[in-house]
Amino acid sequence: MKQTSDSANPFHDALRFERRIPPCSVLIFGANGDLTMRKLLPALFRLAYERKLPAGFSIVGTSRTPMTNEQFREKMRVSVEKFIENSPFDAALWEDFARGIFYVAGDISDPACYSALKAQLDQIETERGTGGNVLFYLSTQPSFYASVVEQIGAAGLANHEGGGWRRVVIEKPFGHDLASAQELNRRISKVLPESDIYRIDHYLGKETVQNVLAFRFGNTIFEPLWNRQYISHVQVTAAESIGVEGRGAYYQEAGAMRDMIQNHLLQVMATVTMEAPPYFDSDAVRDERAKLLRSIRILKPEEVDAHAVKGQYGPARIGSESVPGFRQETGVSPEAQTDTYAAITFFIDNWRWAGVPFYVRTGKRLPKRVTDIAIRFHSAPLSLFSSSPGAADSPLAAPNLLILRIQPDEGISLRFQSKDPSGGGMKLRPVSMDFNYGSSFGSRTPSAYETLLLDALAGDSTLYTRQDMVEASWRAVEPILNHWNNNKFEFPNYDAGSWGPKASDEMLARRGHEWRIP
Amino acid sequence: MSSISVKPEQLLKDLSGLWMELGKAEVEGSDRSAGVLRAVTMTFLLGVEEGDDEGAASEALAQLMHEHPSRAIVLKLSRQADAEISGRAFAQCWMPFGRRQQICCEQIELSAGSENFKDIVSLLRGLIAPDLPVVFWCRSSRIFLHPAFESIALMADKVIVDSRSHPDPHNSIRFLNQQLQRGHLYADLTWTRLTRWRETVSGVFERMDCQAFFQNLNRAVIQYTHTPEPMAVSYLSAWMKSVIGLDFPVDRVLAPSEVSWQISKLRFETALTDVVIDRSEKGIVETHIQHFTARSVFEVQDEARLVREELSILGRDPIFARVLKIASQS
């Protein structure tokens with residue numbers, strides 16, 4: 000039989016087939032939790048539906064709750080049917096998929112649990128031909144991450160005699176500050192090398208975040224403008240209209256800065272601002288992201304007040320509904336100092352971005368759910384049309400604005416000036432040229448978890464964060480968190496349903512800028 | 000929508016008028032209107048014949064427009080041989096769910112009888128959207144056999160046909176092979192329909208325990224359901240030979256059945272054991288490897304899906320070229 004040199008599988012057709020995933024299992028710790036039921040299982044089933052998973056693919060779930068394989072399968076069926084997005088539930092396929100689902104009840108702090116898991120994985124390898132390849136998925140409380148990985152190592156599960164790969168996926172948060180992130184990494188890296196550690200940031204798995212790379216490095220027209228000479232400032236907004244939705248106790252400890260900015264938004268910002276990698280390869284892309292994150296200016300304590308705004312929502316009426324303030328939410332202390340809103344002015348100290356402010360804001364109970372990046376270019380250098388309503392000095396002046404919309408209505412808009420044909424004379428009017436991701440590519444967009452799980456199974460860590468990136472982003476936000484922890488704030492300072500505290504508008508106004516309304 | 004005299008400038012002017020009207024209607028229609036998005040990513044030529052399931056062709060075209068917004072030019076071969084050329088321009092619009100902006104694609108329809116069909120070629124030259132790829136899906140075997148076909152095909156970056164609907168599929172694939180050898184890009188939906196089968200075979204090979212199995216193969220069997228033997232069987236056999244070796248025995252067995260699909264089973268045999276891939280239900284195939292069985296989805300491959308797969312490959316397809324060469328020689 001002929002073997003091609005570039006592929007171990009001579010039947011493979013890279014132009015038409017899905018990416019090759021070797022036979023493997025996924026072992027989920029915390030399998031009885033929300034994430035498994037709402038995201039992981041629906042994503043894996045959808046991948047099976049699209050034939051992206053190999054024959055014999057298996058899932059092992061483990062948690063404390065006693066359940067049989069059959070009970071676990073039934074529970075997963077119910078949640079897959081409920082949470083699968085934009086897809087049919089194929090009962091015949093589920094029957095086959097469910098045959099590869101197993102459950103082991105146990106206490107993850109008990110070594111006996113890992114012996115049972117090893118026995119289950121060995122059995123699967125023999126019966127379903129998975130070749131010893133296992134992806135461990137830590138969907139547990141973050142405080143268990145290090146100990147679970149250590150137990151994996153102690154039980155001999157981190158290596159496979161037959162040469163199969165072993166990888167671990169870790170959900171955020173990666174520590175609650177720089178020191179704890181370093182400590183977590185120290186313990187995990189004793190068991191597994193960095194190349195087998197996949198720190199998941201589901202924002203990086205979003206199609207539209209990935210499209211930022213395609214937009215920047217697949218085209219030539221924007222990149223020459225992508226610097227301080229042409230760009231006045233950048234606004235990154237991640238707004239949520241909902242409150243803490245029963246997660247008050249967790250959120251009280253985390254806050255907006257830890258929950259969104261330290262991880263998701265700094266990664267998004269790095270994607271927008273990084274240099275082009277020499278080639279599209281996991282380490283090359285991550286090297287550039289890491290380099291960018293290391294270039295973020297670290298604020299001195301005395302600079303924090305001018306560059307960062309902490310907010311917390313208070314009660315308000317939104318439409319005909321009365322909405323509680325954060326301190327009135329279940330599980331939240333009436334004295335809580337938690338940031339439900341954070342707005343930061345970052346600077347990137349490199350040649351490309353020196354002096355360009357990056358305004359990053361996120362918050363709960365804002366007027367709408369929207370995530371976008373707005374790149375505002377400098378105004379035209381000369382007011383040729385000074386008597387027109389769109390002239391640079393008029394209230395209608397509208398410098399070029401490039402908007403990368405992450406969600407909803409994923410797409411890209413470019414605002415520019417055009418001559419208004421109505422009436423006489425040279426009147427300018429801003430118009431928008433839109434690219435709508437969903438309209439131009441009508442096919443279904445994979446969920447972030449589908450993309451990221453498939454990448455981890457394929458051994459592609461491009462969209463996962465690396466330890467040096469985690470540390471760099473903690474370094475950027477830690478002085479702000481420390482300053483906030485050392486001061487008491489008068490909360491609430493914004494009404495639910497508004498665009499955040501007044502101080503946030505003032506922060507931009509000091510540089511002659513204002514928040515756009517997304 | 001209006002019937003107009005057939006001059007490219009007039010058709011294009013008519014399209015511009017349509018866009019202005021659509022934009023105006025949108026603005027007047029609603030305070031919350033976000034306008035009309037005019038989307039063109041290619042020129043898509045569709046060759047159909049009058050009375051030959053035009054509804055299915057229009058439906059496939061509408062589906063394709065959602066993912067590949069195009070200037071669609073429908074070339075219709077009229078039943079009446081001496082029918083004059085006629086043309087019209089219109090827009091096809093839809094409002095994506097949950098959005099405020101209507102998306103519209105432009106469509107031109109040119110029709111003529113077989114005696115005048117060749118004159119369509121000169122009209123087309125003025126109607127193709129500039130600077131964008133041109134794809135020609137020739138859905139009609141009569142157009143494929145018409146003298147105008149080659150001239151239209153030469154305007155296209157890629158030509159898509161479906162040999163299984165042709166009166167002499169073997170002759171068609173010989174022609175396709177010649178065209179590929181000359182550097183033109185052609186695709187055959189009869190080959191595209193085999194992607195799922197081929198992917199399933201490839202998936203079996205991915206299993207560690209099956210690689211040794213494939214090294215020791217004695218023969219393969221393709222079981223099909225209809226006579227005459229479908230072109231798909233020749234393609235699949237040629238594909239196996241292209242991978243395993245030209246001398247590798249691939250037997251073809253007829254197992255008559257009323258099912259709508261043409262291939263029902265693949266069997267790979269060694270001296271010790273078999274691997275069987277069995278399409279027992281419409282949407283599912285089962286792979287049997289000793290005691291292990293795995294299912295995978297074979298979704299209904301309507302024409303729009305098949306063309307969509309081909310639209311995702313706008314460069315050379317070396318595997319198809321290799322297989323076509325073997326199949327056209329057999």
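Read top to bottom, the protein sequences are chains A and B.
Heads up: the first sequence begins at 0 in numbering that gives the first Met the number 0, then just goes up one per residue.
Heads up: the second sequence begins at 0 in numbering that gives the first Met the number 0, then just goes up one per residue.
In this text, a Cβ means the ideal position worked out from N, Cα and C, and glycines have one as well.
Just so you know, these numbers come straight off a predicted model, no measurement behind them.
To which residues of the same chain is A/Ala471 closer than 8 Å at the C-beta, ignoring the five residues directly before and after it? Sequence-distant partners of A/Ala471 (beyond 5 residues in either direction) whose C-beta falls short of 8 Å from its own C-beta, in its chain, are Ala289, Leu292, Arg293 and Ile295.
Starting from A/Lys81, trace the alpha helix (DSSP H) both ways and give me its first and last residue. DSSP places A/Lys81 inside the alpha helix (DSSP H), whose first and last residues are Asn68 to Phe82.
Whole-angstrom Cβ separation of B/Gly46 and B/Ile142, contact assumed at under 8 Å? Taking 8 Å as the upper bound for CB-CB distance, B/Gly46 and B/Ile142 are in contact here, some 4 Å apart.
Is B/Trp260 closer than 8 Å to B/Thr224 when the C-beta atoms are compared? Judged by their CB atoms, B/Thr224 and B/Trp260 are nearer to each other than the 8 Å cut-off.
Measuring CB atoms only, is the stretch 332 to 349 of chain A touching the stretch 307 to 321 of chain A, in the sense that at least three cross pairs come out at less than 8 Å? Contact between the stretch 332 to 349 of chain A and the stretch 307 to 321 of chain A is present, because at least three Cβ pairs lie under 8 Å.
Using CA atoms only, rank isn't needed, just tell me which of A/Ala379, A/Arg404 and A/Trp352 is closest to A/Arg368. For the options A/Ala379, A/Arg404 and A/Trp352, the alpha carbon positioned closest to that of A/Arg368 is the one of A/Arg404.
Cα-Cα, which of A/Pro500, A/Ala495 and A/Pro478 is closest to A/Phe488? Ranking A/Pro500, A/Ala495 and A/Pro478 by Cα distance to A/Phe488 puts A/Pro500 first.
Starting from the N-terminal side, write out each stretch of the alpha helix (DSSP H) that is 4 residues or longer and does not extend beyond the stretch 216 to 266 of chain A. As for any alpha helix (DSSP H) of minimum length 4 sitting wholly inside the stretch 216 to 266 of chain A, the runs are 247 to 255, ordered along the chain.
Is any beta-carbon of chain B found at less than 8 Å from that of A/Arg15? It does: the Cβ of A/Arg15 has a partner Cβ on chain B nearer than 8 Å.
Would you say A/Pro380 touches the ligand MN, meaning its beta carbon is less than 7 Å from a heavy atom? Among the ligands in the structure shown, none appear at all, so the ligand MN cannot be discussed.
Using DSSP bridges, identify the partner residues of A/Ser431. Within the DSSP secondary-structure output, A/Ser431 pairs in a beta bridge with A/Arg414.
B/Gln91 - partner residues in DSSP beta bridges: Looking at the DSSP assignment, B/Gln91 forms a beta bridge with B/Cys104.
For B/Lys75, the residue or residues it bridges with in DSSP: Its beta-bridge partners are B/Val47 and B/Ser110.
Between the C-alpha atoms of B/Leu60 and B/Ala303, what's the straight-line distance to the nearest angstrom? Rounded to whole angstroms, B/Leu60 and B/Ala303 show a C-alpha spacing of 7 Å.
Compare the C-alpha of A/Gln251 against each of A/Ser194, A/Ala353, A/Glu334 and A/Phe173 and name the closest. The option with the nearest alpha carbon to A/Gln251 is A/Glu334.
With respect to the beta strand (DSSP E) encompassing B/Thr286, which residues constitute its N-terminal and C-terminal limits? Counting along the chain, the beta strand (DSSP E) containing B/Thr286 begins and ends at Ile283 to Ile288.
For A/Pro356, which beta-bridge partners are listed by DSSP? A/Pro356 pairs with A/Phe346.
The stretch 95 to 121 of chain A: which residues have C-beta closer than 9 Å to a C-beta of chain B, in chain order? Answer set for the stretch 95 to 121 of chain A: Asp95, Phe96, Arg98 and Gly99.
Quick one: what's B/Thr42 bridged to in DSSP? Paired residue(s): B/Arg70 and B/Val133.
Have a look at A/Gln311, A/Thr61, A/Met259 and A/Lys299 and flag the residue whose alpha-carbon is nearest the alpha-carbon of A/Gln327. Out of A/Gln311, A/Thr61, A/Met259 and A/Lys299, A/Gln311 has the C-alpha closest to the C-alpha of A/Gln327.
Where B/Leu126 sits in the DSSP three-state scheme: Helix, per DSSP.
Going along the stretch 142 to 166 of chain A in order, which residues come within less than 8 Å of chain B, judged by CB to CB distance? Per Cβ criterion, the list is empty.
Are there 16 or more other CB atoms within 10 angstroms of the CB of A/Trp483, so buried, or fewer, so exposed? With 16 or more other Cβ atoms inside 10 Å of its own Cβ, A/Trp483 counts as buried.
Put A/Ala457 into one of helix, strand or coil per three-state DSSP. Looking at A/Ala457 - three-state DSSP - the assignment turns out to be helix.
DSSP on A/Lys367, reduced to helix/strand/coil? Judged by DSSP in its simplified three-state form, A/Lys367 adopts coil rather than helix or strand.
How is A/Phe376 classed by DSSP in three states: helix, strand or coil? In the displayed model, A/Phe376 falls within a strand according to three-state DSSP.
Distance, Cα to Cα, A/Val303 vs A/Ala253? C-alpha separation (whole angstroms): 19 Å.
Kindly indicate if chain B contains any beta-carbon less than 8 Å away from that of A/Gly204. No - not a single Cβ of chain B is within 8 Å of the one on A/Gly204.
Unbroken stretches of the alpha helix (DSSP H), 4 residues or longer, contained in the stretch 209 to 271 of chain B: Runs found: 230 to 243.
If you measure between the beta carbons of A/Asp200 and A/Asn158, is that distance less than 8 Å? No, the pair does not count as a contact, with Cβ atoms beyond the cut-off.
Alpha carbon to alpha carbon, how far is A/Thr219 from A/Ile411? Rounded to the nearest angstrom, the two C-alpha atoms are 16 Å apart.
Cβ of A/Gly458 less than 8 Å from any chain B Cβ? For A/Gly458, the closest Cβ of chain B is not nearer than 8 Å.
Going by alpha carbons, who is nearest to A/Asn31 out of A/Glu73, A/Ser503 and A/Met506? Selection A/Glu73, A/Ser503 and A/Met506 evaluated against A/Asn31 yields A/Glu73 as nearest (Cα-Cα).
For A/Gly99 and A/Phe56, which I take to be in contact (beta-carbon distance under 8 Å), what is that distance rounded to the nearest angstrom? Indeed, because the Cβ distance is near 6 Å, the residues count as touching under 8 Å.
Check the DSSP bridge columns for B/Val275 and list the partner residues they point to. B/Val275 pairs with B/Arg266 and B/His287.
A/Ser497 versus A/Arg364 - alpha carbon distance: Spanning the two alpha carbons is a distance of roughly 7 Å.
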